[in-house]
Structures are given as structure tokens and as C-alpha cells.
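Trainee:
Number of protein chains: 4
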Amino acid sequence: MTGVANPKRLPRAVREQQMLDAAVRVFADRGYHGASMDEVAELAGVSKPMVYLYLGSKEDLFGACIRREAARLMERITSAVHDAATIECRLVSGFEAFFGYVAEHKDSWNVLYHRARALGPPFADEVDRARHDIIDAVTGLVDQRGASAGEAGALSHALVGAADALAEWASRTGEPATVTTARLMNLVWIGIERQIDGASWRPASS
Amino acid sequence: MTGVANPKRLPRAVREQQMLDAAVRVFADRGYHGASMDEVAELAGVSKPMVYLYLGSKEDLFGACIRREAARLMERITSAVHDAATIECRLVSGFEAFFGYVAEHKDSWNVLYHRARALGPPFADEVDRARHDIIDAVTGLVDQRGASAGEAGALSHALVGAADALAEWASRTGEPATVTTARLMNLVWIGIERQIDGASWRPASS
Amino acid sequence: MTGVANPKRLPRAVREQQMLDAAVRVFADRGYHGASMDEVAELAGVSKPMVYLYLGSKEDLFGACIRREAARLMERITSAVHDAATIECRLVSGFEAFFGYVAEHKDSWNVLYHRARALGPPFADEVDRARHDIIDAVTGLVDQRGASAGEAGALSHALVGAADALAEWASRTGEPATVTTARLMNLVWIGIERQIDGASWRPASS
Amino acid sequence: MTGVANPKRLPRAVREQQMLDAAVRVFADRGYHGASMDEVAELAGVSKPMVYLYLGSKEDLFGACIRREAARLMERITSAVHDAATIECRLVSGFEAFFGYVAEHKDSWNVLYHRARALGPPFADEVDRARHDIIDAVTGLVDQRGASAGEAGALSHALVGAADALAEWASRTGEPATVTTARLMNLVWIGIERQIDGASWRPASS
DNA sequence: GATGAATGAGAATTCATTCAT
DNA sequence: CATGAATGAATTCTCATTCAT
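Protein chains in written order, with the numbering used here: chain A, 27 to 232; chain B, 27 to 232; chain C, 27 to 232; chain D, 27 to 232.
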């Protein structure tokens, strides 16, 4: 009975991280509504009141998960992009980091992308903020020169959408991040380049 | 009380459609777990037992929504693509139809795309089938000639992902389907063309 | 659609019997609370309102079942006992008739004995009346001469109880009514005889 | 409101017994299907979630009742029989204990005997096990010497059936257990004795 | 005579959340 | 610091019962 596996009396910061780990896992598996605080507490190895004491309500807990995971993803991408020279290299590095992250942290991505998106008003803000941080980062990659705001915004949305779908594909086929990155670059790089140069596709019919 | 003022004693087929309309709306707004059968019934202007009698369990009801909405979207795309001559034209028509549909039937798209994806085993099949019908249609557009199966699959996943993200963007900015289509073609058409021709992007560094 | 199997427009008396047949079956299978009017109606091949129109509420329907089946059992026993000469013969004939009935009409016995007994106040009367008709008949068999009322009552209760338990035993082993009857007579006949003669068992210890 | 005025925050073991007490009472009064978890909780003086937390589903709860009550009855009979010397004494002690138990714990007997019997597959096992423990005990009393298995089985079924019916009779007339026991011995002892000795009743007619 | 359409009421079960210790 | 005990409020689903045709 007396603490073999779970040392009691851990410092607060550690316990909080354990709880968040558990929460991310449960939210990823069941979605926000499907998750129960009971399960989170059990998986974290603490009693429910502890969860409430440390992280607040279910809503708060979900928010905390989103923020922590989004920050982790951002950091991974940012540091990957950091010391690449050309736009092309930045994109490649960024995509590779992204695909790598998704492959290595399925739960994290699951919560962020699948579970959190479009979850009624109380969460929309939190999630949108997180998602926009990422899209903005991509916009930053592409929009080094003067594409108009609208253009770059749409472009990065499309890129992130495509990347997301490919991440899923990659997680099913198990292909390495570099290959998936190549597929994506294959599809979009020339388009991006031309867009940066100001050229654009015209309907063939006209 | 909130439902439309309905004449009583409608024939079954009519009531079923009303219920499905309501269900799509509610599932779109709240997600599967967040939706309550009470709300569906109220919005449909009937009592709960009618919903259970006609459409079965919540799970069944959700499945019925998915199937109906997926069929509608597919029909719209299929008929748009039908009489276009070149691959390029087909893509343009297909995207326009898609963006048009998403713009005009927000709830439908919401259920199909945001709410239904990644919803545990009981639904995975139904949803996956619907989603794959669409992706297969896109694959069919692109893969008229001999891109290898894997290539085409990844490509169409990426295209659908990009289109989805742009649809969201468009729904926020309110731009017409033709403009969004142009943005997307701008980004990907050359890449597609080259891929059809067998050329591909190479990492610049090597 | 138009009546191949179930001729429509049957005379009321026939329909009522069909419904009662169905009801006995369903009540036997599921018990009073577990049975649903839907199932009864379906099994009877009519719509629910017909059941209500002809037999009244669920409670009424159950009562009607009890009465009909109890009457059938009583008639079987009564006519078997009718032309036996001695008390012993009457008992044997009565038990054989009883065991035979239980073996041949499982549902009927099930409803009467298992499902109906001890079913809260609304039914207690109906069921008790039916059960007492049978016990009274047994009392009549045994009490031809002057056992005091109390004695005979207790005796016949015990006999019916034993017979009931043996009926169940017989229905499991499938042994013929005559054998089961012999078992029972084996156990109780001498005791009955002595009781009729006024002799009685005395505790051995005194 | 109806429950006993309970001090709050009782230890689990205590609360569980209170809940079982209430459940036995309610199941006895209404039968399995007729009983509602609401009523059980109210009578136990706790909220429904506590019942589910401690005892599980309605089915589980019913099973727990059956097990507890069957064990109590068995213990009473076993300890009564324990130090009687002859078969006759054992039977007398056993019956007295049984009639005493039924008289003193009406609800318990009601659940065990009337409510639980013949209750569809999910319960059949539990109930049958409990019931057979009792019948086996009786078989053990009677079958000290070599009555064949079938014989002894039928005999003990019949005895338990008779005892049950007499218990009911006794509970109506209020007569003491010793008197009811005498009635039963009066009826069956000679039959049992002869059966032990291998003699048996023969149809008078042959 | 017969039924499809419809519902009010209540069932089991679960969950987020909070005290008292 | 930490938890076992406890619950109000929903949620899904079913059922007996009745109209309108």
C-alpha cells in the first residue's frame, strides 16, 4: 500500500506535468466531450480533487493541454527553420520538423488538430490562437518578400491544410518525414516560387 | 417550441428528412458527443421517441447524416466535373463545385469534415468511407494517366487537405468560389502538371 | 401487401384469442414488466391499437391471460379427477394431469406460476384467486373426510408446492408424468393416508 | 427523504450494506424489472451515483443481493443442522431453521425465491447457483445413505417446494416454525424413511 | 374494423464538481 | 498535501398509451 510505484508528495510542478500528460492522452483518445475527468485522474495516478486543485475545470485543463502542446510544436518548427538560409530550405526544414513532430507525438497532434478544431465557442479562441501561431509561422516563411497579406494568408492556410492531410497519410503508410516533405514540395514549390515572383496561373479557357 | 411550426401527422418520409435536417444542424453546432437527442428532436419539431422510432440510436442517426450529406456533396462535385474536357478543366470545375458547396452548406461540411473525422471506431468506418469517396474522386481527376497509386493517393490527400483549409479561409473572408479556386490552382497546378508528366522537385541542396 | 398469410377482418373472438396466445407467450418469456405491448402486438400480427381496443390496458391483458390459462389448467385437472373412485386414484389422476399439463404447456405454466406469483397488489388478487382455485381443488381431493380445515389447507399447500417443484424437475429431466407422479406419491401418500386416519408424526426425541 | 436519517460520510463498507439492505427490500417488493434504482437509492438514503459507484449496474446489484441473502440463509440452515445426530433430527432442525428464516426475513426469502427464479439468462446462473446450494444441502440431509442421485435430487426438490409453500402458509397464519415443521414431517417423514430403506409406493390399481 | 403517427413519462447510467477529513 | 465520500444534473433510450385517418 505504501508507495512503491508512485512516490507521493511530489512537487507541484512535476505533478502538473503528469496530469497534463495524462490529459493529452485521454483527450486525444476520446475527444473533449468523450473524455472523463475520472479517467484523466486515474491515468495520472492522482485523485480527482488534485486535478481540480492544480489545473482547474475540465475546460481549463483542456486549454492548458492545447497551450502546452502547441508551444511544443511551435518550438520544434521554429528551431528547425532557424538556421536555414533560403526560403526553399526553410520550407523544407519546417515541413520536415512538422511531419517529424506529428509522427513522433501522435497524441499531441491529435488533440491539437482533430479534437480541438471547431469545438464550440468556449474553446474556439484558445484553439484558434494556437493554430494561428502555426499558420503565421508558415506565412512568415513564405512571405519574406512582399506578397500581399491576403495572398500569403490564403497560401499558408492551404499549405498547412495540405501538410496536415499528408501527415495523416504518412502516419498511415509510415513513410519517413523526408519523403513526405518531398511529396509536398513536389506539389507546391513551383507554385510558391511563382507566387513570390508575382506570376500566377490563368484559367486555360480564357 | 423552437422548431418550425409543423403541421401534425406528416408522412414518414417527410418527417425523416426534417429530422435529418435538424440532426445535421445540431451535430454541426455541437459535435457528436456534445449534441443531445433532446435538442435534435426539439429542432425537428417532434418528440424524442419519433427520432428513435424512425432513425434509431444516436449512432445510427449520426451515420444517416453522414451518408446523406456525403452523397449530396459527391453528387454536386460529380455533376460539375462531368462535362469538362481536360484535366485542368475538371479540376477547376471540381474545386469550384466543392468551394461552392462548402460555402452554401456550412453545416453539412462541418459535420462531414470537422465533426466526423477521428471519431473513435464505431464511426470511423462510416466516415472513412464517405471521405474516401471524395478523395477517390479527386484521385480519379488527377490520375487519368499513369501516376503510380501511391503518388496519386498522396497527391489527392494533399489536394483535399489544401482545399479544405482554403474552404475555411473562404468562408471567413467570404470570397467567391472562383477566386478561391484560382488561388488553389495557382499554388498546385504546375506541380500537378509536372507530376503527371513525371517530373519532380529535387532538393535544391543536392 | 394484401393478405397472403394473415387474412384480415377476422371476427373479434378469433382475434382476441390470437392476441391472448401472443400475450401468454410474451409474458412467459419476459415477465410482466419485461414484456412490451409492441412485442405482443407484433407477435399477434395486429397493430397495437387493436390490442388496446380488444383487451384493454397491459394490466387487463395480463389478467385475461391469467384467467384463461388458469381455467384451462383447472379444466384439465378437474376432468381427470372426475371419474376416479378412491382418494388415492384421484390424487394420482390429478397429479398426472397436472404434470402433463405443465409439460405440454410450458408457457402457460410459466406465466401462471413463475411470472404471476407475487406481482405487487394490482395482480395479487387475480393470481391468488387462480392459484387458490387449484389449491382448493387439491384440498377437496384430500379432505373428503374430516381433517380439520387448517390441517387440510396446510396439507394441500404443501402438496401443490411439492408438485410445482417436481414439475420443474420433470421439465428439466423430461421424465414422463407417470414417473413424476410416482415419485410424489412415494413421498407423500403414506403421510396423507395417516393424516386422513388422524395419526401423526411425533418428534422422535420426546 | 424516506431513507433513515444517516450521518454523512460513512465508510464504504457500511454504506454498501445499507444499500444492499435497501436493494433487497425494493427487489422484494417490486421484482427486478419493477424496481427502480431511484427507489433503491432513496431508501438507502444516498444518491444514485453512490449506488452505481459502489455496487455497479442494476444487474450487479441484484446479483450482490442474491449472493448475500443466499449466504445468510445457507449459514442459518447449516449451523442449525450441524450438531443434530440422526437424519430425522437433522431434517427437523433444518426445516425449523428454514421456516424461522423465512418468517424473520420475509424480504430476503421473497427476493431469493419468488423474484429471482426464472429471470432470463443474465441472472439464471447466479440464482441457480444459490438455489442449488440450498437444494444440495437438503439432498445432503436426506441422501446420507445410498439413495440414487436421481431419486435424491427429485426428493429434495419436492421437499424444498413443499417447504416453500408451507412457509408461505405459515407466514399468513403466523404459526411458529416448530408447528409448521411438524406439519411437514407429518406429511413426508414416513415417505422419506421408506425411500431411504428402499421401499416404495406402488400404484394401488396394479 | 384497422392503423400509421405521435408522445408524456420515466428508466438506467454517467459526469463534472465539491466537501470533510 | 491528498483523498474518499458524495451529489445535482444531464443523457440515451424505452414504453404504455392515444389520436386522426
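Glycine residues also receive a C-beta, built at the ideal position from the N, C-alpha and C atoms.
1) Below 7 Å on C-beta distance, what does B:W135 contact in chain A?
2) Taking the alpha carbon of D:D162 as the reference point, which residue from D:M63, D:E85, D:C115, D:E177 has its own alpha carbon closest?
3) Under 9 Å, Cβ to Cβ, is there at least one residue of chain B near A:R9?
4) Is D:S232 buried or exposed, if buried means 16 or more other CB atoms sit within 10 Å of its CB?
5) So, using beta-carbon positions, are A:G187 and B:D190 closer together than 9 Å?
6) Determine the closest residue to C:R198 out of C:A129, C:A208, C:D223, C:D47, with distance taken between C-alpha atoms.
7) Evaluate the contact criterion for the stretch 113-121 of chain B versus the stretch 53-65 of chain B: three or more CB pairs, one atom per stretch, below 8 Å.
8) I want to verify the contact list: residues of chain A whose CB lies under 7 Å from the CB of B:H59, in sequence order.
9) Indicate whether A:V66 and A:L87 have their beta-carbon atoms separated by less than 9 Å.
10) Quick one: residues in its chain with C-beta nearer than 7 Å to the C-beta of B:C80, no 5 flanking neighbours on either side, listed in chain order?
11) Tell me, please, whether the stretch 94-106 of chain D touches the stretch 134-147 of chain D by the rule of three or more beta-carbon pairs shorter than 8 Å.
12) Pick helix, strand or coil for D:H108, following the three-state DSSP scheme.
13) Work out the CA separation of D:M63 and D:G89 for me, nearest whole Å.
14) Any C-beta of chain A sitting closer than 9 Å to the C-beta of B:S232?
15) For the structure I just gave you, are there three or more beta carbon pairs, one from the stretch 137-151 of chain B and one from the stretch 208-222 of chain B, closer than 8 Å?
16) Tell me the start and end of each unbroken alpha helix (DSSP H) in the stretch 144-230 of chain B that is at least 4 residues and wholly inside, in chain order.
17) Alpha carbon to alpha carbon, what distance is there between D:C91 and D:E85?
18) Would you please verify whether the beta carbon of C:L69 is less than 9 Å from any beta carbon of chain D?
19) Which residues, taken in chain order from the stretch 121-155 of chain C, show a beta carbon closer than 9 Å to some beta carbon of chain D?
20) Expressed to the nearest angstrom, what Euclidean distance is found between the alpha-carbon atoms of A:G29 and A:E68?
21) So B:L192 packs on A:H183, CB below 8 Å; how close in whole Å?
22) Check whether the Cβ of D:I103 lies closer than 9 Å to any Cβ atom in chain C.
23) C:A156: buried (16+ other C-beta within 10 angstroms of its C-beta) or exposed?
24) Measuring alpha carbon to alpha carbon, tell me which residue in B:A110, B:A203, B:R35, B:V52 is nearest B:L167.
25) Determine whether the Cβ of A:A184 lies closer than 9 Å to any Cβ atom of chain B.
26) Buried or exposed, going by whether 16 or more other CB atoms sit within 10 Å of the CB of B:E219?
27) Do you know how far the Cα of D:H131 is from the Cα of D:G179?
28) Who are the Cβ neighbours of A:D47 in its own chain at under 8 Å, not counting the five residues just before and after it?
29) Between the C-alpha atoms of C:R93 and C:E152, what's the straight-line distance to the nearest angstrom?
30) Within the continuous alpha helix (DSSP H) that includes B:V77, where are the two ends?
31) Is D:S134 helix, strand or coil when you go by DSSP?
32) Mark B:A150 as exposed unless 16 or more other C-beta atoms lie within 10 angstroms of its C-beta, in which case mark it buried.
33) Please return the same chain residues whose Cβ sits closer than 8 Å to the Cβ of D:R141, not counting the five positions on each side in sequence.
34) Compare the C-beta of B:T206 against all C-beta atoms of chain A and say whether one is closer than 9 Å.
35) From the beta carbon of C:I92, is the nearest beta carbon of chain D less than 9 Å away?
36) Let me see if you follow: with CB-CB separation under 9 Å, is A:D190 close to chain B or not?
Mentor: Judging by the given coordinates:
1) Sequence index remark: in the second sequence, residue 135 of chain B carries index 109 (1-based). Per Cβ cutoff of 7 Å: no residues; B:W135 is ~11 Å from chain A at best.
2) The residue given as residue 162 of chain D occupies position 136 in the fourth sequence. Measuring from the Cα of D:D162, the nearest candidate turns out to be D:E177.
3) Since the displayed chain A opens at 27 and closes at 232, residue 9 of chain A lies outside it and no answer follows.
4) For the purposes of this step, residue 232 of chain D is identified with residue 206 of the fourth sequence, where counting begins at 1. For D:S232, the predicted structure reports a pLDDT of 44, less than 50, and the residue's modelled location is therefore unreliable. The matter cannot be settled from this model.
5) Translated into the one-based positions of the first sequence, residue 187 of chain A becomes position 161. Translated into the one-based positions of the second sequence, residue 190 of chain B becomes position 164. Contact: yes.
6) Position 172 of the third sequence holds residue 198 of chain C. When only C-alpha atoms are compared, the closest one is C:A129.
7) no
8) For the purposes of this step, residue 59 of chain B is taken as residue 33 along the second sequence, with counting starting at 1. Within chain A, the residues near B:H59 are G57, H59, G60.
9) Position 40 of the first sequence, counting from 1, holds the residue named residue 66 of chain A. Position 61 of the first sequence, counting from 1, holds the residue named residue 87 of chain A. Yes, the pair counts as a contact, with Cβ atoms nearer than the cut-off.
10) Taking the first residue of the second sequence as position 1, residue 80 of chain B is located at position 54. Checking the sequence shown, residue 80 of chain B turns out to be Tyr, not Cys. Excluding positions up to five away in sequence, the list reads R38, R41, E42, M45.
11) yes
12) On the fourth sequence, position 82 is the one that residue 108 of chain D refers to. D:H108: coil per DSSP, three-state reduction.
13) In the fourth sequence, the residue the question calls residue 89 of chain D occupies position 63. In the fourth sequence, the residue the question calls residue 63 of chain D occupies position 37. Taking the straight line from one Cα to the other gives about 14 Å.
14) For the purposes of this step, residue 232 of chain B is identified with residue 206 of the second sequence, where counting begins at 1. Residue placement at B:S232 cannot be trusted, given a pLDDT of 44 that sits under 50; the coordinates are not used to answer.
15) no
16) 146-168, 175-199, 203-223
17) By one-based count along the fourth sequence, residue 85 of chain D stands at place 59. By one-based count along the fourth sequence, residue 91 of chain D stands at place 65. In a straight line, the C-alpha of D:E85 is about 10 Å away from that of D:C91.
18) Reading the third sequence from its first residue, position 43 is the one you call residue 69 of chain C. Not one chain D Cβ lies under 9 Å of C:L69.
19) N136, Y139, H140, R141, R143, A144, L145, G146
20) Within the first sequence, the letter at position 3 stands for residue 29 of chain A. Within the first sequence, the letter at position 42 stands for residue 68 of chain A. For A:G29, the predicted structure reports a pLDDT of 37, less than 50, and the residue's modelled location is therefore unreliable. The matter cannot be settled from this model.
21) Counted from its first residue, the second sequence places residue 192 of chain B at position 166. Counted from its first residue, the first sequence places residue 183 of chain A at position 157. Contact holds; Cβ gap of about 6 Å.
22) Here the question's residue 103 of chain D lines up with position 77 in the fourth sequence. Cβ-Cβ to chain C under 9 Å: no for D:I103.
23) Your numbering for residue 156 of chain C matches position 130 in the third sequence. Counting Cβ neighbours within 10 Å, C:A156 comes out buried, since at least 16 surround it.
24) The sequence position of residue 167 of chain B within the second sequence is 141, counting from 1. Among B:A110, B:A203, B:R35, B:V52, the Cα nearest to that of B:L167 belongs to B:A110.
25) Here the question's residue 184 of chain A lines up with position 158 in the first sequence. Chain B contact via Cβ: present.
26) Reading the second sequence from its first residue, position 193 is the one you call residue 219 of chain B. B:E219 should be labelled exposed.
27) Counted from its first residue, the fourth sequence places residue 179 of chain D at position 153. Counted from its first residue, the fourth sequence places residue 131 of chain D at position 105. Going by the C-alpha atoms only, they are around 27 Å apart.
28) As a position in the first sequence, residue 47 of chain A is number 21, starting the count at 1. A70, listed in sequence order.
29) Here residue 93 of chain C refers to the residue found at position 67 when the third sequence is read from its first residue. Here residue 152 of chain C refers to the residue found at position 126 when the third sequence is read from its first residue. Spanning the two alpha carbons is a distance of roughly 8 Å.
30) By one-based count along the second sequence, residue 77 of chain B stands at place 51. Element bounds for B:V77: 74-81.
31) Position 108 of the fourth sequence, counting from 1, holds the residue named residue 134 of chain D. Here D:S134 sits in helix by DSSP.
32) Mapped onto the second sequence, residue 150 of chain B falls at position 124. Burial call: exposed.
33) Within the fourth sequence, numbered from 1, the residue matching residue 141 of chain D stands at position 115. Result list for D:R141: F53, A54, G57, Y58, in chain order.
34) Along the second sequence, one-based indexing puts residue 206 of chain B at 180. So, interface residue.
35) The sequence position of residue 92 of chain C within the third sequence is 66, counting from 1. Not one chain D Cβ lies under 9 Å of C:I92.
36) If you number the first sequence from 1, residue 190 of chain A lands on position 164. Taking Cβ atoms only, chain B reaches closer than 9 Å to A:D190, which makes this a yes.
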